[in-house]
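These notes concern the structure reproduced below.
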Amino acid sequence: MKPLFRSPKDQQTHSRSGIAFIVEMLILLILVAGCLSVLIQAFAFAHQQGEENSVTVKAVHLASSTAERFSADPNSIPEVEIISDFAVYTTVKSEQQTAGTLYTATIEVYRFDDRDAGAGSRPYYGLETARYVKAGEM
């Protein structure tokens, strides 16, 4: 049978174990919240990197497409071309040879909203290509 009244010593032990339980739960709650915040930051960083990689892949496709068109006809490539939200800057140089002309092109892709495009800013992607055209071929 349970005693009707507890001794003060028993009440103090009971309240200490209740406080210990609450402190332990608070520590676990803080630990879980910290883990969740680290996971959320990791997912946000991964999402940001995915967006940047998507932009870079689009820039690579645009630059390679421009290089293929340059390979077909070096004189048909405009100096600046706006495609969706990208600006493709192409610098074509020609060098006369004895039996033809060597055309070289530097292709750089910037975001269209980049105000400093071409003025020392870093492009998303850039490549250099060349084509030799025999005399009388074009």
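Here the working numbering is used: the first residue of the sequence shown is 92, the next is one more, and so on.
Every residue gets a Cβ at the ideal spot worked out from N, C-alpha and C, and that includes glycine.
Beta-carbon separation (whole angstroms), residue i vs residue j, contact threshold 8 Å
{"i": "residue 197", "j": "residue 219", "result": "5 Å"}
Candidates the options: closest to residue i by CA position
{"i": "residue 187", "options": "143, 224, 115", "result": "224"}
{"i": "residue 165", "options": "126, 124, 185", "result": "185"}
Whether residue i touches residue j by CB criterion (9 Å)
{"i": "residue 159", "j": "residue 179", "result": "no"}
{"i": "residue 194", "j": "residue 146", "result": "no"}
{"i": "residue 176", "j": "residue 213", "result": "no"}
{"i": "residue 172", "j": "residue 182", "result": "no"}
{"i": "residue 222", "j": "residue 136", "result": "no"}
{"i": "residue 191", "j": "residue 143", "result": "no"}
Environment of residue i [buried if 16+ CB atoms lie within 10 Å]
{"i": "residue 169", "result": "exposed"}
{"i": "residue 153", "result": "buried"}
{"i": "residue 150", "result": "buried"}
DSSP three-state assignment for residue i, whether helix, strand or coil
{"i": "residue 142", "result": "helix"}
{"i": "residue 147", "result": "helix"}
{"i": "residue 112", "result": "helix"}
{"i": "residue 187", "result": "strand"}
{"i": "residue 213", "result": "coil"}
{"i": "residue 196", "result": "strand"}
{"i": "residue 159", "result": "helix"}
{"i": "residue 178", "result": "strand"}
{"i": "residue 168", "result": "coil"}
{"i": "residue 226", "result": "coil"}
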